[in-house]
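Q: Counting from 1, one number per residue, gives the positions in the sequence shown under the working numbering.
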Amino acid sequence: MKKVRLFHFVTLIALFTLILAACGGTPPAEEPPAAEEEAAPAASEEEMAEEPAEEEEMADEEGGEIVIWSRYDLSDTENGNSVALNERITSFEEETGITVVYEQIAWDQLSTKLALAVQSGGDVPDIVEIGSQHVPSLLDAGALMALDDLLADEPWVGELTDGDNLACVIDGERRCVAHNVRGGLTYYDVNQFPDGFPETNDAWLEEAARVKDEGQYFSTFFAGRNYAAIEIAWWPYIYSNGGNIFDEEGRPVWASDEVVEVVEWSREMVSNEYLPEIVVTGDFADSEAPWIDGSSATFRGGSWSAIFVPGLQDSVDAGETGVTGGVSFNGGDPYVFLVSEGWAVPTGAENPAGARAWLRGYMEPEFLAGWAEAQFGIPTTRAAYEAGQFDSAFYSQVDEVLSTQGLYMQQSPFYVESLDALAIAWQELLLDPELDAMTHLQEAQDEVLARNWE
1 MKKVRLFHFV TLIALFTLIL AACGGTPPAE EPPAAEEEAA PAASEEEMAE
51 EPAEEEEMAD EEGGEIVIWS RYDLSDTENG NSVALNERIT SFEEETGITV
101 VYEQIAWDQL STKLALAVQS GGDVPDIVEI GSQHVPSLLD AGALMALDDL
151 LADEPWVGEL TDGDNLACVI DGERRCVAHN VRGGLTYYDV NQFPDGFPET
201 NDAWLEEAAR VKDEGQYFST FFAGRNYAAI EIAWWPYIYS NGGNIFDEEG
251 RPVWASDEVV EVVEWSREMV SNEYLPEIVV TGDFADSEAP WIDGSSATFR
301 GGSWSAIFVP GLQDSVDAGE TGVTGGVSFN GGDPYVFLVS EGWAVPTGAE
351 NPAGARAWLR GYMEPEFLAG WAEAQFGIPT TRAAYEAGQF DSAFYSQVDE
401 VLSTQGLYMQ QSPFYVESLD ALAIAWQELL LDPELDAMTH LQEAQDEVLA
451 RNWE
């Protein structure tokens with residue numbers, strides 16, 4: 001029988017958490033599918049010498065007990081993923097004889113807690129839920145076991161898609177297993193765009209002027225003081241324009257002409273009132289309202305938005321709402337933000353063979369398909385995708401956009417902290433037209449560099 005331990009963790013590290021506005025009843029407040037907090041910085045040589053090394057020979061017997069860390073409240077009967085995970089644990093125990101010790105940990109604390117546990121020699125789980133953005137920082141912390149040998153005889157590994165491989169195979173070694181992929185999308189009122197949806201930044205400005213003259217905002221999305229604004233709203237445009245946010249070492253490099261061009265374009269969208277004010281000043285969930293009440297012709301959200309926007313999937317399936325991807329900025333390829341969630345086996349796990357058994361059952365097509373469907377994501381094996389749940393116009397369009405335009409965010413060991421700083425600077429530039437964009441971006445970049453690298 002599974003044992004559930006609720007973990008009440010008071011971290012000594014300042015955690016950056018997203019404050020979401022309460023959504024008076026319906027629908028539930030949307031949360032960005034984005035980042036947990038940064039893992040602890042890489043340890044010094046002395047600390048690394050004391051860290052537990054990965055086992056050269058892992059016990060192959062699948063039995064005993066496994067400890068699982070995940071965010072879901074198994075007692076929550078209203079959450080589809082909580083119910084599915086609870087049922088999966090029960091089935092797993094019955095099928096394998098392995099006892100599950102389950103610890104619920106807040107999503108924004110999982111990576112930090114794991115890194116601290118590994119570096120301090122504390123208790124670690126046998127398997128832990130992680131987000132794709134934090135694989136590099138957890139590697140820097142020495143917290144993720146290489147899985148190639150552990151999973152060498154598992155046939156389902158060969159069926160994993162690029163959505164998994166791009167997130168979990170680092171420098172040729174598998175460090176996690178992604179179970180679903182989601183990403184940014186733009187939804188639009190088909191009747192408003194009879195000649196097709198605009199595909200370039202200049203065409204957006206032209207169409208925005210037309211839509212405004214007809215009494216609507218052109219688009220609504222989140223562009224506030226939080227890392228999610230950079231991930232979903234601005235990062236794809238920056239990369240399309242040839243710019244970068246981080247260099248190969250994760251240092252911020254956003255004070256550039258390419259980023260300034262995107263900033264000035266976004267300022268024009270705001271100053272001309274093509275976007276509602278709530279885009280800049282509201283919380284993450286607030287940006288849904290202008291789309292729901294019909295005052296905006298388009299809505300930039302993600303595949304996950306169907307969880308929170310009433311009737312969104314049905315309207316896409318009916319052909320009333322169109323789905324498209326990114327913008328070709330100054331002639332560059334269009335992109336959308338891509339994110340995956342999955343499982344990893346930590347360095348120092350006591351029962352990696354039990355973790356392998358857990359992954360084997362979890363990645364069975366029928367269960368994986370149902371899990372991904374509950375999150376409006378795309379499962380990471382073809383067999384799961386072809387299980388039947390995804391035979392609709394909605395999922396066909398989502399899959400097309402994510403597979404052709406999906407782009408994982410550039411990485412940094414100070415990921416959330418850095419993107420928060422950029423988001424704050426960007427919002428200030430949108431609100432104050434007198435600020436010089438390059439100067440303000442440089443100040444934010446220098447502050448992050450001085451705090452973390454100099």
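Ideal placement from N, C-alpha and C gives every residue a C-beta, glycine not left out.
Among Asn86, Leu435, Gly64 and Thr96, which residue has its Cα nearest to the Cα of Val360?
A: Here residue 360 corresponds to residue number 360 of the sequence shown, with the count starting at 1. The sequence as given places Arg at residue 360; Val does not occur at that position. Among Asn86, Leu435, Gly64 and Thr96, the Cα nearest to that of Arg360 is on Thr96.
Q: In chain order, what residues of the same chain have a beta carbon less than 8 Å from the beta carbon of Glu45, not counting five sequence neighbours either side?
A: Your numbering for residue 45 matches position 45 in the sequence shown. Low per-residue confidence applies at Glu45: pLDDT is 42, beneath 50, and the placement is therefore not dependable, though the value from the model is reported in the following sentence. Hits under 8 Å: none found.
Q: Nearest-angstrom Cα distance between Gly282 and Ala357?
A: Here residue 282 is taken as the residue at index 282 of the sequence shown, counted from 1. Here residue 357 is taken as the residue at index 357 of the sequence shown, counted from 1. Distance between the alpha carbons of Gly282 and Ala357: 44 Å.
Q: Could you tell me the boundaries of the beta strand (DSSP E) in which Asn180 lies?
A: Your numbering for residue 180 matches position 180 in the sequence shown. Counting along the chain, the beta strand (DSSP E) containing Asn180 begins and ends at Val177 to Asp189.
Q: Is the distance from the Cβ of Val190 to the Cβ of Gly319 below 9 Å?
A: Stepping through the sequence shown from its first residue, residue 190 is reached at position 190. Stepping through the sequence shown from its first residue, residue 319 is reached at position 319. It is a contact, given that the beta carbons lie within the stated cut-off.
Q: With burial defined as no fewer than 16 other Cβ atoms inside 10 Å of the residue's Cβ, what is the status of Leu431: buried or exposed?
A: The residue you call residue 431 lines up with position 431 of the sequence shown. With fewer than 16 Cβ atoms within 10 Å of its Cβ, Leu431 is classed as exposed.
Q: Identify which residue in Asp153, Leu147, Leu368 and Ala152 has its Cα closest to the Cα of Ile170.
A: Along the sequence shown, one-based indexing puts residue 170 at 170. The candidate whose alpha carbon is nearest that of Ile170 is Leu147.
Q: Out of curiosity, what's the CA-to-CA distance linking Met438 and Ile68?
A: Taking the first residue of the sequence shown as position 1, residue 438 is located at position 438. Taking the first residue of the sequence shown as position 1, residue 68 is located at position 68. Roughly 46 Å separates the two Cα atoms.
Q: Could you have a look at Pro198 and say whether DSSP puts it in helix, strand or coil?
A: As a first step, residue 198 must be located in the sequence shown, where it is residue number 198. The answer is coil: DSSP assigns Pro198 none of H, G, I, E or B.
Q: Beta-carbon within less than 7 Å of Ser315's beta-carbon, same chain only, minus the 5 sequence neighbours each way: which residues are those?
A: Along the sequence shown, one-based indexing puts residue 315 at 315. Closer than 7 Å at Cβ, skipping near neighbours: Thr321.
Q: Output the boundary residues of the alpha helix (DSSP H) element that contains Ile66.
A: Here residue 66 is taken as the residue at index 66 of the sequence shown, counted from 1. Unbroken run through Ile66 is the beta strand (DSSP E), Glu65 to Ser70; no alpha helix (DSSP H).
Q: For Ala84, I'd like the list of residues in its chain whose CB is within less than 8 Å of its CB, leaving aside the five on either flank, ordered along the chain.
A: Within the sequence shown, residue 84 is the residue found at index 84, counting from 1. Counting only Cβ-Cβ distances below 8 Å, and skipping sequence neighbours, we find Phe367, Gly370, Trp371 and Ala374.
Q: Rounded to the nearest angstrom, how far is the Cβ of Val398 from that of Thr324, given a contact under 8 Å?
A: Stepping through the sequence shown from its first residue, residue 398 is reached at position 398. Stepping through the sequence shown from its first residue, residue 324 is reached at position 324. Going by Cβ atoms, the distance from Val398 to Thr324 rounds to 11 Å, so no, they are not a contact pair.
Q: For Ala349, which option in Ile292, Pro334, Gly121 and Trp107 has the closest C-alpha, if you only look at C-alpha atoms?
A: For the purposes of this step, residue 349 is identified with residue 349 of the sequence shown, where counting begins at 1. Checking every option, the nearest Cα to that of Ala349 belongs to Gly121.
Q: Helix, strand or coil: how does DSSP classify Ile484 here?
A: Outside the modelled stretch of the chain, which goes from 1 to 454, sits residue 484, for which no answer is possible.
Q: Pick out the complete alpha helix (DSSP H) segments inside the region 235-265, 4 residues or longer, and give them in chain order.
A: Here the runs fully enclosed are 235-240.
Q: Give me the residue from Phe376, Ser82 and Leu114 with the minimum Cα distance to Thr347.
A: By one-based count along the sequence shown, residue 347 stands at place 347. For the residues Phe376, Ser82 and Leu114, the minimum Cα distance to Thr347 belongs to Leu114.
Q: What residue range does the beta strand (DSSP E) around Thr281 cover?
A: Stepping through the sequence shown from its first residue, residue 281 is reached at position 281. Taken as a continuous stretch (DSSP letters only), Thr281 belongs to no beta strand (DSSP E), being part of the alpha helix (DSSP H) at Ile278 to Thr281.
Q: Going by DSSP, name the residue or residues bridged to Tyr217.
A: Position 217 of the sequence shown, counted from the start, is the residue given in the question as residue 217. Note: Tyr217 sits in a beta bridge opposite Ser296.
Q: What does the alpha-carbon distance come out to for the pair Pro27 and Tyr237?
A: In the sequence shown, the residue the question calls residue 27 occupies position 27. In the sequence shown, the residue the question calls residue 237 occupies position 237. Caution applies to Pro27, whose pLDDT of 34 falls short of 50 and renders its modelled position unreliable; the value that the coordinates give is listed next. Whole-angstrom Cα-Cα distance: 29 Å.
Q: Below 9 Å between beta carbons: does that hold for Val339 and Gly80?
A: Residue mapping note: residue 339 aligns to position 339 of the sequence shown, counting from 1. Residue mapping note: residue 80 aligns to position 80 of the sequence shown, counting from 1. Taking 9 Å as the Cβ cut-off, Val339 and Gly80 do not qualify as a contacting pair.
Q: Taking the continuous alpha helix (DSSP H) assigned at Tyr362, which residues delimit it?
A: As a first step, residue 362 is located in the sequence shown; it is residue number 362 there, counting from the start. Looking at the DSSP string, the run of the alpha helix (DSSP H) that includes Tyr362 is Pro352 to Tyr362.
Q: Please list the terminal residues of the continuous alpha helix (DSSP H) segment that includes Phe92.
A: One-based indexing of the sequence shown puts residue 92 at position 92. Start and end: Gly80 to Thr96.
Q: Which residues in the same chain as Pro334 place their Cβ atom closer than 8 Å to its Cβ, once the five residues preceding and following it in sequence are excluded?
A: Translated into the one-based positions of the sequence shown, residue 334 becomes position 334. For Pro334, where only same-chain residues beyond five positions count, the Cβ hits under 8 Å are Glu199, Pro236, Ser240, Gly325, Gly326, Val327, Ser328 and Gln405.
Q: Assuming Arg174 and Val135 form a contact by the criterion Cβ under 8 Å, report the distance between their Cβ atoms to the nearest whole angstrom.
A: The residue you call residue 174 lines up with position 174 of the sequence shown. The residue you call residue 135 lines up with position 135 of the sequence shown. The pair is not a contact, with the Cβ atoms about 11 Å apart (cut-off 8 Å).
Q: Measure the alpha-carbon distance for Arg210 versus Thr381 and round it to whole angstroms.
A: The count along the sequence shown starts at 1 and reaches residue 210 at position 210. The count along the sequence shown starts at 1 and reaches residue 381 at position 381. Cα to Cα, the separation comes out at about 43 Å.
Q: Considering only residues of the same chain and omitting the five flanking positions on each side of Glu447, which have a CB-CB separation below 7 Å?
A: Counting from 1 along the sequence shown, the entry for residue 447 is found at position 447. Same-chain partners within the cutoff: Ala421.
Q: When the Cβ atoms of the region 218-233 are set against those of the region 298-316, are three or more pairs found closer than 8 Å?
A: Result yes; three or more Cβ-Cβ pairs closer than 8 Å.
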